[in-house]
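Using numbering that gives the first Met the number 0, read the sequence shown as starting at 0 and increasing by one per residue.
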Amino acid sequence: MQFGGLRALGDVNFEIVEGEIFGLIGPNGAGKTTLFNCVTGVYAPTEGAVEFAGAPITGKRPDQIVDIGICRTFQQIRLFPNMTALENVIVGVDARHRTSVFGAIFRSPRRKREERESEDEALRLLDFCGVKRYANDLGRNLSYGDQRRLEIARALATKPKLVLLDEPAAGMNPVEKNGLRGLVRKIRDEGTTVLLIEHDMKVVMGLSDRVAVLDHGEVIAEGHPEEVQSDPKVIEAYLGTGGAATDGKAGQENSASDEPGTVSARAREPGGEK
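Printed below as a string of structure tokens:
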């Protein structure tokens with residue numbers, strides 16, 4: 000992926016197995032969020048391809064990516080602050096509905112049925128994510144950690160096969176992070192594959208079945224968490240030559256967004272391409 004003369008992603012090639020939690024880590028500016036943007040249609044890769052369920056999805060619009068079964072959350076929370084928690088999630092549920100404009104205006108029987116179903120599903124997801132008690136509170140009035148959970152609930156409302164979580168533990172206290180780990184495992188146990196960017200090594204190493212490490216737009220390591228954590232290339236990328244990452248603190252970074260940034264990524268089922 001190039002932006003003018005800047006090559007933000009190089010030869011990025013990995014596969015995600017259906018039903019796993021796959022962690023993506025790397026120093027600030029490594030290209031992690033850029034990769035998310037390529038997968039979800041925010042950016043069209045200038046080289047390479049993105050495949051999902053055995054089919055190319057490169058260059059599709061974000062709404063088409065959602066229809067295919069991929070959704071995401073963001074580093075910076077993007078709720079509707081003046082809508083209630085329930086209404087925020089209903090927006091996600093309604094993205095799946097196909098009532099015509101006229102049906103919505105004149106409130107056809109189909110539209111009325113969809114509205115009832117949307118509210119029921121939204122309440123279920125709020126409960127699943129642990130924020131049902133805030134259903135009637137405005138999004139802006141929730142705590143930071145609960146806003147994170149609400150954003151995850153809204154993403155799940157689209158019924159994704161693959162959910163991309165971009166630093167979901169950012170800004171959370173230790174108790175909230177522990178709850179988040181339980182929530183991500185529940186999402187996986189419900190049948191949704193998870194691709195996770197996270198700066199907190201305790202969270203990502205404790206959650207992920209496998210981990211890939213990006214550095215300067217290239218994958219420098221991939222494998223089980225304990226293998227990746229002790230890889231000399233990973234230690235050097237985070238701490239410089241001579242550092243030690245095995246205490247679980249490697250890669251705890253200051254913050255936030257990657258610089259913009261070829262991506263080739265696939266998701267596959269056990270024993271084959273997904």
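No residue lacks a Cβ here, since even glycine has one placed at the ideal position from N, Cα and C. From a predicted model like this one, the values you see are computed outputs, not experimental measurements.
task = Round the Cβ separation of I196 and L155 to the nearest angstrom and send it over; I've been treating them as touching at under 8 Å.
result = Incorrect: roughly 17 Å between the Cβ atoms, too far for contact.
task = Check whether the Cβ atoms of T192 and K158 sit closer than 8 Å, and answer yes or no.
result = no
ask   = My guess is that F35 and R71 are in contact by the Cβ rule of under 8 Å, so how many angstroms apart are they, rounded?
value = 6 Å
message = Strictly by DSSP, which residues pair up with I20?
response = V193
task = Select from G18, E86, T45 and L213 the residue whose C-alpha is nearest the C-alpha of L137.
result = E86
request  = Just the C-alpha distance for D188 and E114, rounded to the nearest angstrom, thanks.
outcome  = 28 Å
query = Grouping DSSP H, G and I as helix and E and B as strand, with all else coil, what is T139?
reply = Reading off the sequence shown, one finds Arg at residue 139, where the question assumed Thr. R139: helix per DSSP, three-state reduction.
ask   = Excluding five sequence neighbours on each side, which residues of the same chain lie with their C-beta closer than 7 Å to the C-beta of A335?
value = Residue 335 lies beyond the stretch modelled for the chain, which goes from 0 to 273, so this question has no answer here.
request  = Starting from the C-beta of F73, find all residues in its chain whose C-beta is less than 6 Å away, skip the five residues before and the five after it, and write them out in chain order.
outcome  = D165
message = Taking 8 Å as the cut-off, does the region 21 to 31 touch the region 213 to 232 (at least 3 CB pairs, one atom from each stretch)?
response = yes
inquiry  = Threshold first: 4 residues or longer. Then list the alpha helix (DSSP H) segments lying entirely within the region 111 to 196, N to C.
reply    = 143 to 155 and 173 to 188
inquiry  = Looking at the secondary structure, which residues open and close the alpha helix (DSSP H) in which K46 lies?
reply    = The sequence as given places Glu at residue 46; Lys does not occur at that position. From DSSP, E46 is part of no alpha helix (DSSP H); its letter is neither H nor E.
request  = Per DSSP, which residues does G222 bridge with? Please list them.
outcome  = V210
query = Using DSSP with H/G/I as helix, E/B as strand and the rest coil, what is L5?
reply = strand
ask   = How would you call V174, buried or exposed, if buried means at least 16 neighbouring beta carbons within 10 angstroms?
value = exposed
ask   = Considering only C-alpha positions, which residue in the set S229, D93 and G178 is nearest to A121?
value = D93
Alpha-carbon to alpha-carbon, G18 and V227 = 20 Å
inquiry  = For G190 and S229, I'd like the C-alpha separation in whole angstroms.
reply    = 30 Å
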